[in-house]
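Beneath this line is the structure, given in structure tokens, with notes to follow.
Protein chains in written order, with the numbering used here: chain L, 1 to 233; chain U, 234 to 435.
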């Protein structure tokens, strides 16, 4: 994995509301920087007195020929950076960013992958799903998205497809076949295939729960890659 | 980039001198970050080994390492994801005590620290000697939780915390630097928070 690029100024091209608490920011980079699906960028804010705050955000857009990236940001209460991005930033604003970063939680698009995301953990997995669809290799990918309620699902229009499953844990849409409950073995059993690598992303509690389920299903530990979303506020 | 309009953040108030550049005080939280499934490691299976360029390769069992001279750390820790945590305490054994048993050869200049899960990280030997590093199994005088690396982890608090290997299994002494798990994935080989050495090239 090469060095991440230098700090550069990106221009916000578009802001899209995903859910009540999540927005997607389309950023035009000033320097081309081709990322891998699963990597992240750091956003750095600077106050007039020189104070800075940086947080990492996964890229949701797939690698492509454009010089744009999309990051989806959950607004955390008291989130120093996320609240600013949500409440202040509008198209035309400039943001300092650095990346792409990360060489472990990445999918190169040519191996079988099981993507399991909880809540905002779907973001880097969406880059992988989009890459698979764009390159005509949806057959390689199975994606399971776990959310509490229908209104919490990111990319709700785009995500559904034969290769994806949405699991609702607290409240399901009307006439949904599966009653709301925590992600279980039965939700994952049909997604397992020989030679597959699992990419698990979400809170630490979610990650531990999923890796526990995979262990019960005798999925080998060494084929599990985990990205735990800390309080990247 | 001059500054972001209307951004004040948590600046303004006098900045805590314990905070390295680009870090913030996370308070009482302690986020769990790791790239693999959390292992279920019984103390009866746990071992710690020192090998490579040493005169006397040693492997300690849990009971054997507990019997060594106790040592503790009280101070701050810093994660590359930008949080810092002040005034924590860890108990275990000094790496100096362990190295004294293993007797590093004069040619040893670096180490690879590795875990029971296969994670690795590289460190200059000078960063884990002279009271700068520990193998710890207590946090705030209680057994270290498995999510934070229990039963025992490496502690190198003057560097970013990815160097403090969870579920630590041993040290391999080398005469050259050999980048570990995060280091081959773009992170800095040394990781000094005061120099903000987050990524390769910093």
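By construction, the Cβ of each residue, glycine as well, lies at the ideal position given by its N, Cα and C atoms.
(message) Quick check on residue 425 of chain U - is its C-beta less than 8 Å from some C-beta in chain L?
(response) Stepping through the second chain from its first residue, residue 425 of chain U is reached at position 192. For residue 425 of chain U, the answer is no, since every Cβ of chain L falls outside 8 Å of its Cβ.
(message) Rounding to the nearest angstrom, what Cα-Cα distance links residue 260 of chain U and residue 310 of chain U in this structure?
(response) Mapped onto the second chain, residue 260 of chain U falls at position 27. Mapped onto the second chain, residue 310 of chain U falls at position 77. Computed Cα separation, rounded: 12 Å.
(request) Determine the chain L residues that contact residue 243 of chain U at a beta-carbon separation under 8 Å, and present them in chain order. (result) Translated into the one-based positions of the second chain, residue 243 of chain U becomes position 10. What residue 243 of chain U touches in chain L, judged by beta-carbon distance under 8 Å, is 51, 53, 80, going in chain order.
(request) Sort U:321, U:396, U:370 by Cα distance to residue 298 of chain U and report the nearest one. (result) Within the second chain, numbered from 1, the residue matching residue 298 of chain U stands at position 65. Cα-wise, what sits closest to residue 298 of chain U is U:370.
(message) Run through the DSSP bridge pairs and tell me what residue 53 of chain L is partnered with.
(response) Your numbering for residue 53 of chain L matches position 53 in the first chain. Answer is L:45.
(request) Compute the distance between the beta-carbons of residue 35 of chain L and residue 59 of chain L, then report whether it is under 8 Å. (result) For the purposes of this step, residue 35 of chain L is identified with residue 35 of the first chain, where counting begins at 1. For the purposes of this step, residue 59 of chain L is identified with residue 59 of the first chain, where counting begins at 1. It is a contact, given that the beta carbons lie within the stated cut-off.
(request) Could you tell me the distance, in whole angstroms, from the CA atom of residue 39 of chain L to the CA atom of residue 301 of chain U? (result) Here residue 39 of chain L refers to the residue found at position 39 of the first chain. Here residue 301 of chain U refers to the residue found at position 68 of the second chain. Here the C-alpha atom of residue 39 of chain L lies approximately 43 Å from the C-alpha atom of residue 301 of chain U.
(message) Between the alpha carbons of residue 435 of chain U and residue 186 of chain L, how many angstroms are there, rounded?
(response) Working through the second chain from its first residue, we reach residue 435 of chain U at position 202. Working through the first chain from its first residue, we reach residue 186 of chain L at position 186. Straight-line Cα distance between these residues: approximately 46 Å.
(message) Could you check whether residue 225 of chain L and residue 191 of chain L sit closer than 8 Å to each other, using their CB atoms as the reference points?
(response) Within the first chain, numbered from 1, the residue matching residue 191 of chain L stands at position 191. Within the first chain, numbered from 1, the residue matching residue 225 of chain L stands at position 225. 8 Å or more divides the Cβ of residue 191 of chain L from the Cβ of residue 225 of chain L.
(message) Residues of chain U with CB closer than 8 Å to the CB of residue 101 of chain L, please, in chain order.
(response) Locating residue 101 of chain L in the first chain gives position 101, counting from the first residue. Within chain U, the residues near residue 101 of chain L are 419, 432.
(message) Counting only C-beta atoms, is residue 265 of chain U closer than 8 Å to chain A at any point?
(response) Protein chains L and U are contained in the structure displayed, whereas chain A is not.
(message) Here's the rule: buried if 16 or more other CB atoms are within 10 angstroms of the residue's CB, otherwise exposed. What is residue 507 of chain U?
(response) No answer is possible for residue 507 of chain U: it lies beyond the span of chain U, which begins at 234 and ends at 435.
(request) Decide yes or no for the touch test of the segment 118-131 of chain L against the segment 211-219 of chain L: beta carbon pairs closer than 8 Å, at least 3 of them. (result) The segment 118-131 of chain L and the segment 211-219 of chain L do not touch, with fewer than 3 CB-CB distances between them shorter than 8 Å.
(request) Report the three-state DSSP secondary structure of residue 235 of chain L (helix, strand or coil). (result) As shown, chain L starts at 1 and ends at 233. That puts residue 235 of chain L outside it, with no answer to give.
(message) Report the CB separation of residue 408 of chain U from residue 341 of chain U in whole angstroms; it is logged as a contact under 8 Å.
(response) Residue mapping note: residue 408 of chain U aligns to position 175 of the second chain, counting from 1. Residue mapping note: residue 341 of chain U aligns to position 108 of the second chain, counting from 1. Indeed they touch by this definition, with Cβ atoms about 6 Å apart.
(message) Just verifying my parser: in three-state terms, what is the DSSP assignment at residue 362 of chain U?
(response) For this step, residue 362 of chain U is matched to residue 129 along the second chain. It is coil, neither helix nor strand.
(message) Does any residue of chain U have a CB that is nearer than 8 Å to the CB of residue 75 of chain L?
(response) Translated into the one-based positions of the first chain, residue 75 of chain L becomes position 75. Interface residue (Cβ-Cβ distance to chain U less than 8 Å): residue 75 of chain L is not classified as such.
(message) Taking only three categories from DSSP, how would you classify residue 258 of chain U?
(response) Within the second chain, residue 258 of chain U is the residue found at index 25, counting from 1. Three-state DSSP puts residue 258 of chain U in a strand.
(request) Check the DSSP bridge columns for residue 8 of chain L and list the partner residues they point to. (result) On the first chain, position 8 is the one that residue 8 of chain L refers to. Under the DSSP definition of a beta bridge, residue 8 of chain L partners with L:97.
(message) For the pair the segment 354-373 of chain U and the segment 385-399 of chain U, tell me if three or more CB-CB distances fall below 8 Å.
(response) With three or more CB-CB distances shorter than 8 Å, the segment 354-373 of chain U counts as touching the segment 385-399 of chain U.
(request) Could you please tell me which residues of the segment 403-415 of chain U, in chain order, have their CB closer than 9 Å to any CB of chain L? (result) Hits within the stretch, in order: 414, 415.
(message) In whole angstroms, give me the CA-to-CA distance for residue 364 of chain U and residue 82 of chain L.
(response) Here residue 364 of chain U refers to the residue found at position 131 of the second chain. Here residue 82 of chain L refers to the residue found at position 82 of the first chain. So the two alpha carbons sit approximately 39 Å from each other.
(request) Could you tell me the boundaries of the beta strand (DSSP E) in which residue 353 of chain U lies? (result) Here residue 353 of chain U is taken as the residue at index 120 of the second chain, counted from 1. Start and end: 353-357.
(message) On the CB-based measure, 16 or more other CB atoms within 10 Å of its CB, does residue 139 of chain L come out buried or exposed?
(response) As a working mapping, residue 139 of chain L is identified with position 139 in the first chain. Label assigned to residue 139 of chain L: exposed.
(request) In the DSSP assignment, find the unbroken alpha helix (DSSP H) run with residue 295 of chain U in it and report its ends. (result) To locate residue 295 of chain U, count along the second chain from 1; it is residue 62. In the DSSP annotation of this structure, the continuous segment of the alpha helix (DSSP H) that includes residue 295 of chain U starts and ends at 295-299.
(message) Against chain L, does residue 289 of chain U count as a neighbour if the rule is that its beta carbon must be under 8 Å from one of theirs?
(response) The count along the second chain starts at 1 and reaches residue 289 of chain U at position 56. No, because no Cβ of chain L sits closer than 8 Å to the Cβ of residue 289 of chain U.
(request) Report the rounded CA-to-CA distance for residue 348 of chain U versus residue 411 of chain U, giving the unit in angstroms. (result) Position 115 of the second chain, counted from the start, is the residue given in the question as residue 348 of chain U. Position 178 of the second chain, counted from the start, is the residue given in the question as residue 411 of chain U. Distance between the alpha carbons of residue 348 of chain U and residue 411 of chain U is about 16 Å.
(request) Quick one: using the 10 Å Cβ neighbour count with 16 as the cut-off for buried, is residue 14 of chain L buried or exposed? (result) The residue given as residue 14 of chain L occupies position 14 in the first chain. By the neighbour-count rule (16 or more Cβ atoms within 10 Å), residue 14 of chain L is not buried but exposed.
(message) Along the chain, where does the alpha helix (DSSP H) containing residue 208 of chain L start, and where does it finish?
(response) Locating residue 208 of chain L in the first chain gives position 208, counting from the first residue. In the DSSP annotation of this structure, the continuous segment of the alpha helix (DSSP H) that includes residue 208 of chain L starts and ends at 204-216.
(request) Closer than 7 Å by C-beta to residue 20 of chain L: which residues in its own chain qualify, once you throw out the five before and the five after it? Chain order, please. (result) Against the first chain, residue 20 of chain L aligns to sequence position 20. 151, listed in sequence order.
(request) Verify whether the separation of the beta carbon atoms of residue 183 of chain L and residue 142 of chain L is less than 8 Å. (result) By one-based count along the first chain, residue 183 of chain L stands at place 183. By one-based count along the first chain, residue 142 of chain L stands at place 142. Taking 8 Å as the Cβ cut-off, residue 183 of chain L and residue 142 of chain L do not qualify as a contacting pair.
(request) Check residue 127 of chain L in the structure and name its three-state DSSP category. (result) Indexing the first chain from 1 puts residue 127 of chain L at position 127. In this structure, residue 127 of chain L counts as helix in the three-state DSSP scheme.
(request) Tell me whether residue 282 of chain U sits in a helix, a strand or coil according to DSSP, three-state version. (result) Here residue 282 of chain U refers to the residue found at position 49 when the second chain is read from its first residue. Looking at residue 282 of chain U - three-state DSSP - the assignment turns out to be strand.
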